[in-house]
Every structure is written in C-alpha cells, then in structure tokens.
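J.:
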Amino acid sequence: MPVLKEAKYRVLNKDALEILDMEQMELLADRGNWEVIVAARVRQPKVKRVLKKFLLFEDDDDTSMMWKRSSFEHELSFLQSLEHHNIVRVLAAFQCPSYLGFAMGYHPTDLSHGLLDVTYSEAESYTSQLTDVMCYLHGQRIIHGDLKLGNVLLDRAGRVKLCDFGHSQVIPEDTDKPDGWGGTNGYQPPELYDSQVHNAFKMDNYSLGILLWALFFGTAPRNNIDYLKEVDNGSFLKPQHKHCLQRLLALSPTHRAYIWEITRILKDEDTSERYVSKGSVCSLSSESSSDSAQANQPSPDNGFSVTERPENAAMWNQFLAPPPPHPQATSCYLLPQTAYPDSGDVPTSLAPTWPPLHQDL
1 MPVLKEAKYR
11 VLNKDALEIL
21 DMEQMELLAD
31 RGNWEVIVAA
41 RVRQPKVKRV
51 LKKFLLFEDD
61 DDTSMMWKRS
71 SFEHELSFLQ
81 SLEHHNIVRV
91 LAAFQCPSYL
101 GFAMGYHPTD
111 LSHGLLDVTY
121 SEAESYTSQL
131 TDVMCYLHGQ
141 RIIHGDLKLG
151 NVLLDRAGRV
161 KLCDFGHSQV
171 IPEDTDKPDG
181 WGGTNGYQPP
191 ELYDSQVHNA
201 FKMDNYSLGI
211 LLWALFFGTA
221 PRNNIDYLKE
231 VDNGSFLKPQ
241 HKHCLQRLLA
251 LSPTHRAYIW
261 EITRILKDED
271 TSERYVSKGS
281 VCSLSSESSS
291 DSAQANQPSP
301 DNGFSVTERP
311 ENAAMWNQFL
321 APPPPHPQAT
331 SCYLLPQTAY
341 PDSGDVPTSL
351 APTWPPLHQD
361 L
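So the sequence shown is numbered by the working numbering: it starts at 1 and just counts up by one.
#1: Check the DSSP bridge columns for residue 169 and list the partner residues they point to.
#2: Could you tell me whether the stretch 173 to 182 touches the stretch 120 to 127, using the rule of 3 or more Cβ pairs below 8 Å?
#3: Around the Cβ of residue 131, are there at least 16 other Cβ atoms within 10 angstroms (buried) or fewer (exposed)?
#4: Whole-angstrom Cβ separation of residue 207 and residue 78, contact assumed at under 8 Å?
#5: Does the separation of the CB atoms of residue 225 and residue 244 fall below 8 Å?
#6: Between which two residues does the alpha helix (DSSP H) containing residue 227 stretch?
#7: Is it buried or exposed, residue 193, if we count other Cβ atoms within 10 angstroms and call 16 or more buried?
#8: How about residue 162 and residue 170: do their beta carbons lie closer than 8 Å?
#9: In this structure, what does DSSP give as the bridge partners for residue 87?
#10: Can you round the beta-carbon distance between residue 42 and residue 23 to whole angstroms, since I take them to be within the 8 Å contact cut?
#11: Tell me the rounded alpha-carbon separation between residue 210 and residue 108.
#12: In whole angstroms, what separates the C-alpha of residue 47 from that of residue 25?
#13: Taking a contact to mean a Cβ-Cβ separation below 8 Å, would you say residue 5 touches residue 81 in this structure?
#14: Out of 198, 135, 102, 129, which has the shortest C-alpha to C-alpha gap to residue 86?
#15: Can you grab the Cα-Cα spacing for the pair residue 113 / residue 74, in whole Å?
#16: Work out the CA separation of residue 183 and residue 283 for me, nearest whole Å.
#17: Quick one: is residue 7 buried, meaning 16 or more other Cβ sit within 10 Å of its Cβ, or exposed?
#18: Indicate the three-state DSSP secondary structure (helix, strand or coil) for residue 106 in the structure shown.
#19: Quick check on DSSP: helix, strand or coil for residue 30?
#20: Can you tell me whether residue 139 is buried or exposed, with buried defined as 16 or more other CB within 10 angstroms of its CB?
#21: Which two residues bound the contiguous alpha helix (DSSP H) that contains residue 69?
#22: For residue 90, count the other beta carbons within 10 Å of its own beta carbon; 16 or more makes it buried, fewer makes it exposed. Which is it?
#23: Report yes if the CB atom of residue 249 is closer than 8 Å to the CB atom of residue 215, and no otherwise.
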C-alpha cells in the first residue's frame with residue numbers, strides 16, 4: 001500500500017501573486033471557502049496559471065481553520081505524490097496571509113464544455129486516456145472519489161488532465177470499503193443509497209461509466225435516464241465501447257467491472273466476435289455473464305431517449321477501431337491485476353523527489 005507524501009508548501013508573508021509578479025485574470029469557481037482563479041504574469045499576460053485557494057477569514061474559528069488546512073493538505077498530498085501524464089501537476093504551493101493555495105498549469109477547458117461537439121474519435125481517445133489514469137490510481141489502491149466531466153481538463157493537444165483530488169482516498173489492504181463517500185449528484189453509484197456491499201474501486205468505476213456515457217452520447221447525466229437501456233439501444237457504439245459501458249454501469253457492484261477488465265476489453269481487437277452477438281453482450285467470465293443479463297433486461301420507458309446523435313451517428317459508424325496502445329507509451333495499461341488482495345503485490349511507484357515548491361512560474 002503506497003504512503004502519500006506529506007504536503008509541502010512555503011509560508012509567505014504576503015500574497016503569492018505579488019511575489020510571482022502575477023495578477024488575477026478570471027474567477028473559474030467560487031465555493032465560499034475556496035475558489036479557483038486564472039492568473040497571468042503582469043509582463044507576459046499569455047503565461048497563465050490556475051490557482052486553487054482555500055480562503056482564510058479573520059472570523060474563522062479554530063474548527064474552520066483546521067478543516068481548511070486539512071482539506072488543503074489532503075488534496076496537495078495526493079497531487080504531490082502522484083505522477084502521471086493525465087493528472088494535473090502542482091507547480092508551487094504556499095500559505096499566504098489570506099489563503100492556502102497551490103498553482104497548476106493552465107488548461108483552457110474541461111469535458112463539460114462543448115459536449116455536443118465531441119466526435120466519436122475524441123470520445124474514444126478520452127476513454128483510452130481516462131482508463132489509463134484510473135488503472136494507475138487503482139493499481140496503487142487510490143480512488144479519485146469525484147469523477148465527473150468538470151474534473152477532467154483538456155490541454156491544447158487534446159490530452160485529458162484529471163484534477164480535484166479533494167475526495168480521494170487510499171484504500172487499506174485489508175478492505176475495499178471506502179471511508180465515506182463524497183462525489184457529485186448524477187455520478188454517484190446506486191449502492192450508496194442502499195445496503196449493498198460498498199467496494200470503493202467499483203464505486204469509482206460507476207462514476208467513470210457515467211462520465212464515459214456522457215461523452216459517447218453527447219449529453220450530461222440526468223436523473224431520468226436509464227443508462228443501461230440507452231447503451232443497449234446505442235446502435236452507433238462500437239462493440240468494445242458498448243461492452244465497457246455495460247460493465248461499468250452495472251447496477252450491482254458484484255457484476256460491475258474492475259478497471260483492468262475494462263482495459264482488457266478496450267485492447268481486444270476481436271471484441272465484435274467474442275463479446276457481441278445480435279446486439280447482446282456475452283461474458284468475459286461468469287461474473288460478467290450475470291452482469292450482461294442484467295444490463296439487457298427490459299426497462300420501463302422513462303420518456304427520454306438519447307440512443308442516437310442524428311448529426312453524428314451515421315458518421316461515427318465509419319470510424320475504425322484504433323490499434324492497441326504501444327506498451328512503452330502506455331505503461332499503465334500493463335499493470336497486472338494488482339489492485340486487490342487476491343491479485344498479487346501492489347506497485348508503489350509514486351512520484352520521485354518533487355521539484356522546488358516555490359519557483360518562478
């Protein structure tokens with residue numbers, strides 16, 4: 001089980017923006033106790049950075065101050081311990097008189113914007129990248145805890161950058177159960193509201209399934225959608241993507257896929273023959289067979305259908321499946337089944353010594 005690094009940050013006697021010769025350009029989010037801003041160099045306005053600030057107020061009592069510091073150090077510890085090309089990087093972290101904060105690279109958009117304009121090939125690419133980074137996290141027994149469209153940034157090259165690790169947890173070796181659950185409405189797994197067994201990794205995977213569903217179907221999640229029915233009727237979906245969505249969105253955690261199963265489905269070039277027959281998904285194992293049966297059961301009409309994207313569906317069917325990723329380029333896909341007690345040792349390849357905390361951004 002990996003041990004996260006202790007959060008490290010510089011204590012400053014004035015605002016970090018002043019020291020770094022930067023000024024605020026835009027407010028991206030304001031949640032009262034914390035905010036996210038875009039800042040740019042005064043002399044080079046095209047050089048932008050994103051700052052997440054945990055705000056300190058004069059009337060904060062001891063409990064409030066402790067909560068803010070704990071929240072700041074919790075998220076910073078994850079970001080300073082993890083190193084993956086699809087996770088945002090912290091460039092500097094600091095305590096100022098009016099806030100605790102850290103600076104990250106600027107990425108101009110996230111997956112919640114322009115959802116209708118996402119092409120099938122882009123959804124395919126994002127799926128591959130997100131599965132890769134989730135394989136990296138779960139391989140170290142780490143869950144993200146709040147997977148959603150808004151927490152996946154995009155850089156200018158179209159690479160995804162997973163952010164907001166405020167709900168992340170390291171799951172101990174002797175259990176798969178999370179220590180509580182945060183997340184966002186619309187992405188939370190169904191077992192959160194009943195007495196089913198809670199498996200943190202599969203709860204994370206359900207949120208991933210909702211996120212990927214939104215990408216392929218071009219619409220944000222809503223409470224009145226029967227996701228499995230929509231996937232089953234999604235004739236534009238490639239077989240491997242239909243199978244992945246059905247395994248991720250299984251209502252029962254027992255039948256829901258682990259992340260390495262999803263990577264195996266995505267890499268399999270013979271998916272159409274092995275897993276799909278006349279529109280129904282066949283099994284990878286006895287567990288997935290039950291899952292498929294559940295996924296294909298008829299569901300009541302909810303009055304809402306998004307099984308087709310008319311402007312794109314016909315075109316999407318023309319895309320060919322990409323070749324399997326090159327091992328050297330996607331090492332996380334090569335992780336064996338190491339995230340759980342019955343599958344071998346857990347790798348602990350956390351980040352090496354982090355660069356200086358306070359540097360010229």
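By construction, the Cβ of each residue, glycine as well, lies at the ideal position given by its N, Cα and C atoms.
Predicted model only: the values in this text are computed from it and were never measured.
T.: In this structure, then:
#1: The residue you call residue 169 lines up with position 169 of the sequence shown. Residue 169 pairs with 143.
#2: no
#3: In the sequence shown, the residue the question calls residue 131 occupies position 131. With a 10 Å radius around the Cβ and a threshold of 16 neighbouring Cβ atoms, residue 131 comes out buried.
#4: In the sequence shown, residue 207 corresponds to position 207, counting from 1. In the sequence shown, residue 78 corresponds to position 78, counting from 1. No, residue 207 and residue 78 are not in contact; Cβ-Cβ is about 17 Å, not under 8 Å.
#5: Counting from 1 along the sequence shown, the entry for residue 225 is found at position 225. Counting from 1 along the sequence shown, the entry for residue 244 is found at position 244. No, they are not a contact pair.
#6: As a first step, residue 227 must be located in the sequence shown, where it is residue number 227. Where residue 227 is concerned, the enclosing alpha helix (DSSP H) stretches over 227 to 232.
#7: To locate residue 193, count along the sequence shown from 1; it is residue 193. The residue in question, residue 193, is exposed, as its Cβ has fewer than 16 Cβ neighbours within 10 Å.
#8: Translated into positions along the sequence shown, residue 162 becomes position 162. Translated into positions along the sequence shown, residue 170 becomes position 170. Contact: no.
#9: Indexing the sequence shown from 1 puts residue 87 at position 87. For residue 87, which the question treats as bridged, DSSP gives the partners 162.
#10: Within the sequence shown, residue 42 is the residue found at index 42, counting from 1. Within the sequence shown, residue 23 is the residue found at index 23, counting from 1. Between residue 23 and residue 42 the Cβ distance is about 6 Å, and since that is below 8 Å, they are a contact.
#11: Locating residue 210 in the sequence shown gives position 210, where the first residue counts as 1. Locating residue 108 in the sequence shown gives position 108, where the first residue counts as 1. Computed Cα separation, rounded: 23 Å.
#12: Indexing the sequence shown from 1 puts residue 47 at position 47. Indexing the sequence shown from 1 puts residue 25 at position 25. If you take the alpha carbons of residue 47 and residue 25, they lie about 11 Å apart.
#13: Looking up residue 5 in the sequence shown gives position 5. Looking up residue 81 in the sequence shown gives position 81. Yes, they are a contact pair.
#14: The residue labelled residue 86 in the question sits at position 86 within the sequence shown. When each option's Cα is compared against that of residue 86, the closest is 129.
#15: Residue mapping note: residue 113 aligns to position 113 of the sequence shown, counting from 1. Residue mapping note: residue 74 aligns to position 74 of the sequence shown, counting from 1. The alpha-carbon atoms of residue 113 and residue 74 are separated by roughly 28 Å.
#16: In the sequence shown, counting from the first residue as 1, residue 283 sits at position 283. In the sequence shown, counting from the first residue as 1, residue 183 sits at position 183. Residue placement at residue 283 cannot be trusted, given a pLDDT of 30 that sits under 50; what the coordinates show is reported in the next sentence. Each residue's Cα considered, the two are about 30 Å apart.
#17: Walking along the sequence shown from the start, residue 7 turns up at place 7. If you draw a 10 Å sphere on the C-beta of residue 7, you find 16 or more other C-beta atoms in it, and that means buried.
#18: One-based indexing of the sequence shown puts residue 106 at position 106. Coil, per DSSP.
#19: Residue numbering aside, residue 30 sits at position 30 when the sequence shown is read from its first letter. Strand at residue 30.
#20: As a first step, residue 139 must be located in the sequence shown, where it is residue number 139. Per the 10 Å Cβ criterion, buried.
#21: Residue mapping note: residue 69 aligns to position 69 of the sequence shown, counting from 1. Looking at the DSSP string, the run of the alpha helix (DSSP H) that includes residue 69 is 62 to 81.
#22: To locate residue 90, count along the sequence shown from 1; it is residue 90. Answer is buried; the Cβ neighbour count reaches 16.
#23: Here residue 249 refers to the residue found at position 249 when the sequence shown is read from its first residue. Here residue 215 refers to the residue found at position 215 when the sequence shown is read from its first residue. Residue 215 is positioned such that its CB atom lies no closer than 8 Å to that of residue 249.
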